[in-house]
Structures are given as structure tokens and as C-alpha cells.
Amino acid sequence: MGSEKLTVGKALKFARHDFLNDLQLMLLNLDLGNSSEAKKTLMDTTERMRQLSMLEKLRLPETEVWLTTFEWRHTAFSKVLQSNITAAERSIDDAALTDYLERLIKSVETVVDPWNEYNVHITVNASEMNWSIQLKIDGPLKGVPLIPMAANGIEVTEEIQDEQCMFTISGQ
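Counting from 1, one number per residue, gives the positions in the sequence shown under UniProt numbering.
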């Protein structure tokens, strides 16, 4: 999808496509008599939807959209999301946070190899007092990404190794 603006219609189109893929995989496994794989796909899809649904508690709507649509806009990565969020008001500027996340991932994209697979494990934790978004990217990088400067109450820690880099973005 690149830098093209994501509209509500396009987001719904992508969501329907992903959901239909899961349904077709379940049907295929049922047709093959592999009910345990069909059940696993059903349970995995349900858990993925539960994790996405939990993002609403973050009360940062732009960040919620960014996290939800990540794979559709950044196709070099496969996403696994884990959320543990307590609903609370956040003092962070939502637009500044999504802007930072977007600049960070675009920087990482400059050093990925198009011939390799990259998984990003996104862990969102939020209590009443603070929050963090951890991006753990697995896969070989062709260099070290230029990490954008953080501002507006955003704190960033980074750990970059040969086949993995981890960024923790946090605040109150």
C-alpha cells in the first residue's frame, strides 16, 4: 500500500480480505478432514481479534488505527500483536505518537532486505499511570536504522543486534 492514504473503505476492504482468508483456511481444513487445524485457525483468529479489540482501551484512536493497520501499510512485516491495557486517559499527544511510530518503522524499512521475511512482535502495555509499545523485529538488517529523535513526552529505548532489533516507546 505504501504511502497512499488509508481510507475507511480501504481499511474495511483489507479487514474483509484477511477475515475471508481465515474462513477459507478453516473450510479447507474441514474439507480435508483436519478439524483440529480448522479449530486452531478459528482460535487464532478469535485471539487476534481480541487483541485488536483491546487497543480501544488505550484511548489513543490514531495509535489504535496505526497498530491495527500496520501490516496493510508496511508489507515487509508480518505482525503479531499482544495487548495488556487498562483503560485510562493518556497525557500523550496521539498524533505525535503515531507520527513517531511511522517515522521509526520507515527508518527500519530502509535497512530490510526484500528477499527476507520479517516478523514484528508488537506488545502494548498500559496501566492507569503509564504505557509502552514495544516493537521487536526479527530478521537480518542490511545496516543500522537511523532512529528518529523523540519529543512530546515520548521516551525511546533501542536494542539492535544482528537478526533482531527492539524498540520500546513509552510515556505517561
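For each residue, glycine too, the CB sits at the ideal point set by N, CA and C.
How big is the Cα-Cα spacing for residue i and residue j?
i	j	result
Phe167	Trp131	14 Å
Arg73	Ser35	33 Å
Leu104	Met49	25 Å
Met1	Glu159	Because the pLDDT of Met1 is 49, which lies under 50, any placement of that residue in the model is unreliable, and the question is left without a value.
Phe19	Ile122	20 Å
Ser83	Leu32	34 Å
Ala87	Val111	36 Å
Ala95	Gly9	21 Å
Does the separation of the CB atoms of residue i and residue j fall below 8 Å?
i	j	result
Gly143	Glu117	no
Val124	Leu52	no
Glu62	Leu55	no
Val108	Pro145	yes
Ile133	Ile169	yes
residue 178	Arg90	Nothing can be reported for residue 178: it is not among the residues displayed for the chain, which extend from 1 to 172.
Output the boundary residues of the alpha helix (DSSP H) element that contains residue i.
i	result
Asp113	Asp113 -> no alpha helix (DSSP H), and no H or E assigned at all.
Ser53	Ser35 to Met54
Val65	Pro61 to Thr68
So residue i packs on residue j, CB below 8 Å; how close in whole Å?
i	j	result
Ile154	Ile85	Actually they are not in contact, since the Cβ atoms of Ile154 and Ile85 sit about 18 Å apart, beyond 8 Å.
Met26	Thr41	5 Å
Ala151	Leu58	At roughly 20 Å, the Cβ-Cβ gap does not stay under 8 Å, so Ala151 and Leu58 are not in contact.
Check for me: the beta strand (DSSP E) holding residue i runs from which residue to which?
i	result
Val108	No beta strand (DSSP E) holds Val108; the alpha helix (DSSP H) holding it covers Asp94 to Glu109.
Met149	Unbroken run through Met149: none, as it is neither H nor E.
Ser170	Gln164 to Gly171
His74	His74 -> no beta strand (DSSP E), and no H or E assigned at all.
Ser132	Trp131 to Asp138
Q: Report yes or no: do the stretch 59-76 and the stretch 108-127 share at least 3 C-beta pairs separated by less than 8 Å?
A: yes
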